[in-house]
Every structure is written in C-alpha cells, then in structure tokens.
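Quick notes on the structure that follows.
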Amino acid sequence: VGPSLDTAVSEDVKKSEESSSLTEVAGKKKSPLSGSCVLITGAGSPVGLALIDIAKNAGATVYAVSHSSHEKDIREIGVKEWYPLFRRQEWRAEWSGKMNLIVDTVGDYDNYPIFYEVMAPRGRFVRMNTTSCGKKYVPVLGEQVKVFSALKDYKGSRINNTAIDYNVFYSFNDDQELFTEDLAYLYHLLQMGKIEPRVFSNVGFDELQEEWEKVMGGGANGVVVVLPWKD
189 VGPSLDTAVS
199 EDVKKSEESS
209 SLTEVAGKKK
219 SPLSGSCVLI
229 TGAGSPVGLA
239 LIDIAKNAGA
249 TVYAVSHSSH
259 EKDIREIGVK
269 EWYPLFRRQE
279 WRAEWSGKMN
289 LIVDTVGDYD
299 NYPIFYEVMA
309 PRGRFVRMNT
319 TSCGKKYVPV
329 LGEQVKVFSA
339 LKDYKGSRIN
349 NTAIDYNVFY
359 SFNDDQELFT
369 EDLAYLYHLL
379 QMGKIEPRVF
389 SNVGFDELQE
399 EWEKVMGGGA
409 NGVVVVLPWK
419 D
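Here the sequence shown stands for residues 189 to 419, numbered as in this note's numbering.
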C-alpha cells in the first residue's frame with residue numbers, strides 16, 4: 189500500500205518549499221516579471237485576483253481595471269493603481285506606454301486600441317478568452333460588427349495580431365507535472381484552512397440563468413454551484 193494522499197501532498201509541499209528557499213538564498217532564480225509593470229483587466233474575478241497575487245509575488249508592479257463593484261477586493265489584495273474599466277480614456281492617459289505585460293480576462297475588442305496605447309515597447313499581450321468547455325469564445329451575431337470594426341483599426345489590429353492566447357486545457361496537457369504540483373499545494377492550503385472556496389450561491393438548474401447573470405453583471409464575486417437535485 190502506498191502513502192496516503194495527505195502524506196504525498198505534505199512531502200511535495202515540503203520539497204517545493206525547501207527548493208524555493210535554497211533558490212532564493214543562492215540568488216540564482218529571478219522571475220522574468222520582476223521589476224515589470226503588469227496590467228490585469230477584469231481583475232475582480234477569482235481568476236483576476238489570482239493573477240494579481242501571482243504577478244506581485246513575481247516582483248511585478250501590478251495595475252488593474254475592473255467593474256466598480258470589485259474595487260474593494262482588488263485594493264485589499266493590493267495593486268499600484270486601479271481604475272473602473274469603463275473609464276478607458278483616463279487609464280489610457282495615465283498609463284500610456286507603461287505596461288510590459290497586459291493580461292486580458294474580459295475579451296472586449298473595444299479595449300484593443302487602448303491596450304495598444306498603454307503597452308510599452310516590446311510589451312506582451314495575453315488574452316484568456318477560453319470557455320470552461322475548452323472552446324474559443326465566438327461573439328454572437330450582434331457583437332460581430334464591433335469585432336470587425338475594431339480589427340479594421342490599426343491599433344486594434346496590431347494588438348490582435350500579436351496576442352498570445354492562453355488556453356488552460358492545452359497547458360494542462362503540455363505540463364501535467366507542474367499542474368500536479370500546483371494542485372497538491374492548493375490541497376495542502378485547503379487542509380490547513382489557509383484558503384477556502386468562494387461560493388456565491390448554491391442553486392438548482394431552474395435558478396442557474398438568473399444567478400449567472402448576477403455574477404456576469406459585476407454585482408457579485410465567486411462561483412455558482414449547481415445542485416441538480418435541488419428543487
């Protein structure tokens with residue numbers, strides 16, 4: 189009989205922490221993000237907040253835009269500056285030519301010309317517009333006009349053509365060992381009570397659409413758990 193999951197997780201975490209400590213002491217490892225300016229759009233979502241934390245721990249100076257209702261959560265986790273997403277012209281002027289990396293979790297093509305303005309020379313643009321079923325988000329017919337209009341614009345086209353598409357499903361298949369380590373560490377933190385799921389609501393199928401609209405409308409933060417057996 190092999191070791192329990194708890195034992196395996198503890199050993200993996202211990203090895204990871206020891207390796208990290210030795211690396212820091214030796215001063216041999218430095219994140220490529222260290223000293224850079226990183227912009228997270230849609231920063232108030234659970235994914236956005238995690239990206240802020242990752243970028244900060246990597247030594248980056250983090251800037252964020254989001255729905256106004258998420259300002260409190262973002263300021264608590266800590267960013268250099270924050271703006272509501274809709275005040276595009278203000279954060280465009282304030283951050284012009286500053287961002288070494290932009291990570292977009294929103295997928296609004298209207299923002300692309302402004303991303304062009306705030307990106308530093310040789311900056312990178314990463315978009316995370318993959319649905320939970322692993323398919324690219326395809327705009328509905330009414331939104332396609334906006335997409336094509338934005339892409340005809342030189343600045344929007346430049347951003348679109350140089351975008352790096354991040355697909356978590358491909359990443360998992362390409363680097364399962366890294367994902368296994370990450371999940372083991374998260375499981376350890378969950379056991380220790382240092383993290384917990386952020387659940388917005390538990391609903392049946394008949395309530396799902398209404399709850400999902402609340403979350404997507406920016407008035408809530410967390411996940412909607414579907415209970416098929418709930419009346």
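The C-beta atom is built at its ideal place from N, Cα and C for all residues, glycine as well.
- For residue 229, the beta-bridge partners assigned by DSSP are 253, 292.
- 8 Å or more divides the Cβ of residue 227 from the Cβ of residue 248.
- For residue 375 and residue 341, the gap between their C-alpha atoms comes out near 46 Å.
- Just measuring C-alpha positions, the residue of 279, 240, 363, 367 sitting nearest residue 265 is 240.
- Considered as a whole, the stretch 255-286 harbours 259-265, 276-282 as its complete alpha helix (DSSP H) runs of no fewer than 4 residues, in chain order.
- Along the length of the stretch 340-415, whole alpha helix (DSSP H) runs at least 4 residues long occupy 342-350, 356-362, 364-379, 396-404, reported in chain order.
- Nearest Cα to residue 343 within the set 378, 297, 381: 297.
- With the rule of 3 Cβ pairs closer than 8 Å, the stretch 262-278 does not count as touching the stretch 304-316.
- About 35 Å separates the Cβ atoms of residue 299 and residue 368, ruling out a contact at the 8 Å cut-off.
- Counting the other CB atoms within 10 Å of its CB gives residue 252 a total of 16 or more, which places it among the buried residues.
- The C-alpha of residue 283 is placed about 35 Å away from the C-alpha of residue 371.
- Excluding sequence positions up to five before and after residue 413, its CB lies within less than 8 Å of the CB of 387, 389, 390, 391, all in the same chain and listed in chain order.
- Taken through DSSP and simplified to helix, strand or coil, residue 309 comes out as strand.
- With contacts defined by Cβ atoms closer than 8 Å, residue 290 and residue 274 do not form a contacting pair.
- Separation of the CB atoms of residue 293 and residue 235 is rounded to 6 Å, and the pair is thereby assigned contact status at 8 Å.
- The beta carbon of residue 314 sits closer than 6 Å to the beta carbons of 291, 352, 354 from its chain, once the five residues preceding and following it are set aside; these are given in chain order.
- By the C-beta density criterion, residue 254 is buried, having at least 16 other C-beta atoms within 10 angstroms.
- Cβ neighbours of residue 278 within its own chain (closer than 8 Å, five residues either side excluded): 271.
- A residue is called buried when at least 16 other Cβ atoms come within 10 angstroms of its Cβ; residue 287 meets this threshold and is buried.
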